[in-house]
Amino acid sequence: MTRVSLLLWLLLGCGGLWGAAAPVAAQDAPPASGEAAAVPDSLRNHDTSQPIDIEARSAEIRQRENQVVFEGAVRAVQGVLQLDADRLIALFSADTDQAERVEARGNVVIRSARRAARGAWAIYDVAARRVTMGGPVTFSQETGDRLTADRLVVDLETGLWQFEGADAAGVSGEFAVPDAPQ
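According to mature numbering (1 follows the signal peptide of the UniProt record, and there is no 0), the sequence shown holds residues -19 to -1, 1 to 163 in order.
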């Protein structure tokens, strides 16, 4: 495995990439309605200035395309947030060395201490502060609660999570019911 730390990103001139990108994680509770909800404080309070460790079987810097590509069992960790994927591509501006877009492809899992979102792909649009995940997406909590949709769009500015279905099946959910007090 290749280990890369935030220091390497800074040396490559990509220091802005992960400072804003980390909140990709599906950190908070699923929507009560199955469609959309406000994100609790835990995602908003995530410290994006923490160092990020990236492990992958290989890493390639493509200067002409302004890309850094990590492949093979990619794992990016920042604090309690973790992203796993087959491939991670960071695209950055040639003018400012700031990240414009981060793409995760293949077996994407974004998890925190008690929650996880799984899909085929995820894209973080840095300027829009929006994460889109698809393929279908399954969001689950340690309580056993689960939502399944074709797409998940998280607006990091407003804290709105939207679970979208592409067909008549729409969005489905399964929720644990606590035992009645005795």
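Each residue gets a CB set at the ideal place from its N, CA and C atoms; glycine is no exception.
Worksheet entry | Minimum C-alpha distance to I90 - residue among I104, Q79, A80, R82 | The residue you asked about is not Ile; residue 90 is Val in the sequence shown. Among I104, Q79, A80, R82, the Cα nearest to that of V90 belongs to I104.
Worksheet item: Smallest Cα separation from E84: which of V49, R38, G125, E145?
Response: V49
Worksheet entry | Minimum C-alpha distance to S39 - residue among G53, V112, A101, P159 | The candidate whose alpha carbon is nearest that of S39 is G53.
Discussion item. So within the stretch 28 to 88, which uninterrupted beta strand (DSSP E) runs reach at least 3 residues, ignoring any that extend past its ends?
Written reply: 34 to 37, 39 to 43, 48 to 59, 62 to 73
Worksheet item: Excluding five sequence neighbours on each side, which residues of the same chain lie with their C-beta closer than 8 Å to the C-beta of A13?
Response: Summary for A13: the model assigns pLDDT 43, below 50, so the residue's position carries little reliability, and this model does not support an answer.
Discussion item. Can you look up L137 in the DSSP assignment and give me helix, strand or coil?
Written reply: coil
Practice prompt. Classify R92 as helix, strand or coil using the three-state DSSP reduction.
Written response: strand
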